[in-house]
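Chains A and B, in that order, are what the protein sequence lines are. The numbers in the first sequence follow our numbering, run straight up by one, and end at 111. The numbers in the second sequence follow our numbering, run straight up by one, and end at 1117. For every residue, glycine included, the Cβ atom is placed at its ideal position computed from N, Cα and C. Reading through the structure tokens given below for one structure.
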Amino acid sequence: QKEVEQDPGPLSVPEGAIVSLNCTYSNSAFQYFMWYRQYSRKGPELLMYTYSSGNKEDGRFTAQVDKSSKYISLFIRDSQPSDSATYLCAIFTGGGNKLTFGTGTQLKVEL
Amino acid sequence: GAVVSQHPSWVICKSGTSVKIECRSLDFQATTMFWYRQFPKQSLMLMATSNEGSKATYEQGVEKDKFLINHASLTLSTLTVTSAHPEDSSFYICSARSPRTGNQPQHFGDGTRLSIL
């Protein structure tokens, strides 16, 4: 079993839709949860960062963490074509250096 | 703006050549930098952790003599792919974490696309 599981997609939605991206993880020691956005041939760009269960909102983006279920989500409201990218969840334990990434979900927002 | 700069962004070279990739932290000193490799449609895989002034820590399965890492200053780490072969063709990405921000997430460079002919 992989430490972090993420559906690779591709996921195609119409402009304006609400997008839900998800990851599950197996190691309960994970404490810090991140979502990165990666455009083609670019490095990952940090979108959201949280370390507790619950919701965290930033503009059109909401990150949700459920530690009891080992499940994290990223919601994108009013999706735009510019949101088309690969979204990677990343998790690590406190005090450690190693980020564990999901495989990434490829999202396409169509006009 | 970018806080981690990576150079070059794309390199094509012949098999057997050694290639050096640079990673710079632009507005902070990074005692630790990280090197990842990403194959098409796959996630980032950590290759090694680069420590300023000491030896790099390599992940299991990564050849130390193949992928030479030097972290000679607090703002620069280099990855040299020695005697590169076509199977080394990949997207190499570095990252760094500001020491001011403790467990805050890593900032990534824009990656280097390496193509070995």
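Reduced DSSP category for residue i - H, G, I as helix; E, B as strand; rest coil
i, result
"B/Ser1090", "strand"
"A/Pro14", "strand"
"A/Glu58", "The sequence given here has Asp at residue 58 of chain A, not Glu. DSSP places A/Asp58 in strand when its eight states are reduced to three."
"A/Asp83", "helix"
"A/Ser53", "coil"
"A/Lys108", "strand"
"B/Val1062", "coil"
"B/Val1003", "coil"
"B/Asn1070", "strand"
"B/His1085", "coil"
"B/Thr1057", "strand"
"A/Thr24", "strand"
"A/Phe30", "coil"
"A/Lys42", "coil"
"A/Asp66", "strand"
"B/Lys1020", "strand"
Residue i and residue j closer than 8 Å at C-beta
i, j, result
"A/Val113", "A/Phe33", "Here chain A has residues from 1 to 111 only, and residue 113 of chain A is not among them."
"B/Ala1048", "B/Ile1069", "yes"
"A/Thr105", "A/Leu21", "yes"
"A/Tyr49", "B/Pro1105", "yes"
"B/Val1004", "B/Ser1095", "yes"
"A/Pro10", "A/Lys108", "yes"
"B/Ser1077", "B/Cys1023", "yes"
"B/Leu1046", "A/Lys2", "no"
"A/Gln6", "A/Cys23", "yes"
Beta carbon proximity, residue i to chain B, threshold 8 Å
i, result
"A/Phe61", "no"
"A/Tyr87", "no"
"A/Thr103", "yes"
"A/Tyr49", "yes"
"A/Leu111", "no"
"A/Gly43", "yes"
"A/Leu11", "no"
"A/Glu67", "At residue 67 of chain A the sequence reads Lys, which differs from the Glu that was named. With 8 Å as the cut-off, A/Lys67 does not count as an interface residue toward chain B."
"A/Lys139", "There is no way to answer for residue 139 of chain A, as the model of chain A reaches only from 1 to 111."
Counted within 10 angstroms of its Cβ, other Cβ atoms place residue i as buried (16 or more) or exposed
i, result
"A/Tyr36", "buried"
"A/Asp78", "exposed"
"B/Ala1056", "buried"
"A/Ala63", "buried"
"A/Leu111", "exposed"
Cutoff 8 Å: residue i Cβ touching any chain A Cβ
i, result
"B/Leu1074", "no"
"B/Asp1110", "yes"
"B/Arg1037", "no"
"B/Arg1113", "yes"
"B/Gln1106", "yes"
"B/Ser1005", "no"
"B/Leu1079", "no"
"B/Ile1093", "yes"
"B/His1029", "The identity of residue 1029 of chain B in the sequence shown is Gln, whereas the question assumes His. Not an interface residue."
"B/Gln1042", "yes"
"B/Leu1046", "yes"
Distance cut-off 7 Å: residue i Cβ against heavy atoms of the ligand GDP
i, result
"B/Thr1057", "This structure simply doesn't include the ligand GDP, nor any ligand for that matter."
Answer yes if the stretch 1107-1114 of chain B comes into contact with the stretch 1079-1096 of chain B, meaning at least three C-beta pairs across the two stretches below 8 Å, and no otherwise. Verdict: yes, contact present.
Between the stretch 35-49 of chain A and the stretch 81-88 of chain A, are three or more C-beta pairs nearer than 8 Å? Counting C-beta pairs closer than 8 Å gives three or more between the stretch 35-49 of chain A and the stretch 81-88 of chain A, which meets the contact rule.
The stretch 1014-1032 of chain B contacting the stretch 69-77 of chain A, beta-carbon criterion three pairs below 8 Å: With contact defined as three or more Cβ pairs closer than 8 Å, the stretch 1014-1032 of chain B and the stretch 69-77 of chain A are not in contact.
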